[in-house]
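Protein chains in written order, with the numbering used here: chain A, 1 to 243; chain B, 1001 to 1243.
Yeah, the Cβ is synthetic: ideal placement off N, Cα and C, and Gly gets one too.
Data first, discussion second: the structure below is written as structure tokens.
Protein chains: 2
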Amino acid sequence: MSSLSRVRPGRPRLIPNIGVGTPREQVLEAAARLFTSKGFAATSTREIAEAVGIRQASLYYHFAGKDEILATLLATTVRPTQMVVDEIVTLVPPERVETALCLLALVDIDTLARVPHNVGVLYQLPDVVSAANLDYASFRQAHSELTEAYADLGAQLATRHGVTAPPRALGSMLIQQVEGVITLRADGNDVDSDRAIEIAGGCLRLCGCDQAEATQAIRRATALQDQLRLGASAVTPCPTPVR
Amino acid sequence: MSSLSRVRPGRPRLIPNIGVGTPREQVLEAAARLFTSKGFAATSTREIAEAVGIRQASLYYHFAGKDEILATLLATTVRPTQMVVDEIVTLVPPERVETALCLLALVDIDTLARVPHNVGVLYQLPDVVSAANLDYASFRQAHSELTEAYADLGAQLATRHGVTAPPRALGSMLIQQVEGVITLRADGNDVDSDRAIEIAGGCLRLCGCDQAEATQAIRRATALQDQLRLGASAVTPCPTPVR
């Protein structure tokens, strides 16, 4: 079958399309809304197509199927953070690991707070987990790598403060704290910058920082986060502390 | 229709019943397994009844419907902890608020680690939240009260350590940390006593405790938890610290 939106651009859609963005973005937006409100298994590609106002066949022009749509949505909850992990480690000297951890947490909180329809709630839906396929495995892999980044930075900081938690347990606790954003949003709470700072401060205390050290790390990390938002070229590396 | 298991006790069940416990317990067990594997909306009372080996009509003798089964399952994730909140506050003097918080966390972790089929994953299923009814509202209320208990103890401890997090945010962070048990179990991890102690230690650090204070609080709290397990009558109150 032909792709309605491409091959016959002038032909009217089934339902007047009032969405914004490319058709692909509109499919993701509608799928996110349906998956998070009805569940993954209970949503058909036909319903997604209808919600966008395209034919089901056109949807398959953009995605191989529902699994690929799900994987794409799940990736939006980890990819923006993953993309800056290396940059954070480059930007912040190892002596300032508290700033690096805080920046990672703030970027991750920001990612989870912005992702449309709080798609992080999909992580543990029974029908998502049982629909486990190659795409889902690739999300789990990305999520594991992110947890390891937390474990690595967290363990360095914890060791400095005499906190004896094993790195793996610490990594789980840190990402669990950050993913509180998903819970907050699911419960109808707004995650503003004050809340983000509270959560990032919690991550620092989990690794043994006191209030003074946490406050300083948050100040430095929020400044670096503003620079990251302006684009990598404008970023000034965090100075190495003078001992 | 008559209740098969009561009115005709001798009549064979539809499927030989190999479950343990009362029929009511078996219904809860089967429902927990089905809700957490297939989802709430996708599971019918008929399937639950078939899994137990009773007729659908017999199920309605025990529960008004699927909503009541869900509410009963959700209650198992908070009630055992709620039941000891007042006891904890009575047992532990206010000067030992770090021990009280640690004990609350350990009891809650234990509750979540034991609950069959990790039914805590049901908290945020879209079909559970959208099926919101009076029973579900009563669970949300119980969960809120538990969060307030964390907020109250956590804020007292945080204030002592100069941690400035608002009580409500702190309460959310603490319960989020403890509910990491649900995430760990969903990811196939075992939550043993070492892991429980790691998480409880994390809660104490979230409120500003250092490693030494956390270690001491964990020692006192685990001793009190053992006493609580033996029954309230055997519990020796935690001594008031000599200043």
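Counting contacts by CB-CB distance shorter than 9 Å, is C207/A in contact with chain B?
-> Indexing the first sequence from 1 puts residue 207/A at position 207. C207/A counts as touching chain B.
Would you check if the segment 145-165 of chain A and the segment 1151-1158 of chain B touch, i.e. whether three or more CB-CB distances between them fall below 8 Å?
-> Judged by pairs of C-beta atoms under 8 Å, the segment 1151-1158 of chain B does not touch the segment 145-165 of chain A, as fewer than three such pairs exist.
Tell me whether D1192/B sits in a helix, a strand or coil according to DSSP, three-state version.
-> The count along the second sequence starts at 1 and reaches residue 1192/B at position 192. Coil.
Within 9 Å (strictly less), CB to CB, does L210/A reach chain B?
-> The count along the first sequence starts at 1 and reaches residue 210/A at position 210. Checking the sequence, you will find Asp at residue 210/A rather than Leu. So yes, D210/A belongs to the interface.
Return helix, strand or coil for V1294/B, following the three-state DSSP convention.
-> Residue 1294/B lies beyond the residue range present for chain B, which begins at 1001 and ends at 1243; the question has no answer from this structure.
By Cβ distance, which residues of its chain are closer than 6 Å to A1000/B, with the 5 residues on each side in sequence left out?
-> Chain B is shown from 1001 up to 1243; residue 1000/B falls before or after that span and cannot be answered.
Exposed unless 16 or more other CB atoms sit within 10 angstroms - verdict on R29/A = Within the first sequence, numbered from 1, the residue matching residue 29/A stands at position 29. According to the sequence displayed, residue 29/A carries Glu and not Arg. So E29/A counts as buried.
In chain A, which residues lie less than 7 Å from G1180/B when you measure between Cβ atoms?
-> Mapped onto the second sequence, residue 1180/B falls at position 180. Correct list: S172, M173, Q176.
Residues within the segment 1124-1158 of chain B neighbouring chain A, beta-carbon criterion of under 7 Å | Within the segment 1124-1158 of chain B, the residues whose Cβ lies closer than 7 Å to some Cβ of chain A are Q1124, L1125, P1126, D1127, S1130, listed in chain order.
Is it buried or exposed for P116/A, if we count other Cβ within 10 angstroms and need 16 for buried?
-> Here residue 116/A refers to the residue found at position 116 when the first sequence is read from its first residue. By the neighbour-count definition (other C-beta atoms within 10 Å, threshold 16), P116/A is an exposed residue.
Interface positions of the segment 1018-1038 of chain B facing chain A (Cβ-Cβ less than 9 Å), listed along the chain = Listed by position along the chain: F1035, T1036, S1037, K1038.
Cβ separation of T111/A and T147/A, assumed to be a contact under 8 Å, to the nearest whole Å | Start at 1 with the first residue of the first sequence, and residue 111/A comes out as number 111. Start at 1 with the first residue of the first sequence, and residue 147/A comes out as number 147. About 14 Å separates the Cβ atoms of T111/A and T147/A, ruling out a contact at the 8 Å cut-off.
Completely contained alpha helix (DSSP H) runs for the segment 1129-1217 of chain B, where each covers 4 or more residues = Listed in chain order, the complete alpha helix (DSSP H) runs (minimum 4 residues) inside the segment 1129-1217 of chain B are 1134-1160, 1167-1178, 1180-1186, 1193-1206.
Name the residue from D194/A, A32/A, I182/A, L228/A whose alpha carbon lies nearest to the alpha carbon of A113/A.
-> In the first sequence, counting from the first residue as 1, residue 113/A sits at position 113. For A113/A, the nearest C-alpha among the options comes from I182/A.
List the residues of chain A whose Cβ lies closer than 8 Å to the Cβ of V1121/B, in chain order.
-> Working through the second sequence from its first residue, we reach residue 1121/B at position 121. By Cβ distance, chain A contributes Q124, P126.
Roughly how far, in whole angstroms, is the beta-carbon of P126/A from the beta-carbon of T1036/B, given that I think they are within contact range, below 8 Å?
-> Position 126 of the first sequence, counted from the start, is the residue given in the question as residue 126/A. Position 36 of the second sequence, counted from the start, is the residue given in the question as residue 1036/B. Contact annotation, P126/A with T1036/B: C-beta distance approximately 6 Å; criterion of less than 8 Å satisfied.
Would you verify that the beta carbon of T1164/B is, or is not, closer than 9 Å to some beta carbon of chain A?
-> Here residue 1164/B is taken as the residue at index 164 of the second sequence, counted from 1. Answer yes: the Cβ-Cβ gap between T1164/B and chain A drops below 9 Å somewhere.
Burial state of A221/A, where buried means 16 or more other Cβ atoms lie within 10 Å | Within the first sequence, the letter at position 221 stands for residue 221/A. Buried.
Roughly how many whole angstroms lie between the Cα atoms of A1196/B and Q141/A?
-> By one-based count along the second sequence, residue 1196/B stands at place 196. By one-based count along the first sequence, residue 141/A stands at place 141. Per the coordinates, the alpha-carbon of A1196/B lies some 25 Å from the alpha-carbon of Q141/A.
Closer than 9 Å, CB to CB, is I1199/B near chain A or not?
-> Here residue 1199/B is taken as the residue at index 199 of the second sequence, counted from 1. Taking Cβ atoms only, chain A reaches closer than 9 Å to I1199/B, which makes this a yes.
How many whole angstroms separate the CB atoms of T1081/B and V1107/B, which I take to be in contact at a CB cut-off of 8 Å?
-> Residue numbering aside, residue 1081/B sits at position 81 when the second sequence is read from its first letter. Residue numbering aside, residue 1107/B sits at position 107 when the second sequence is read from its first letter. About 5 Å; that satisfies the 8 Å criterion.
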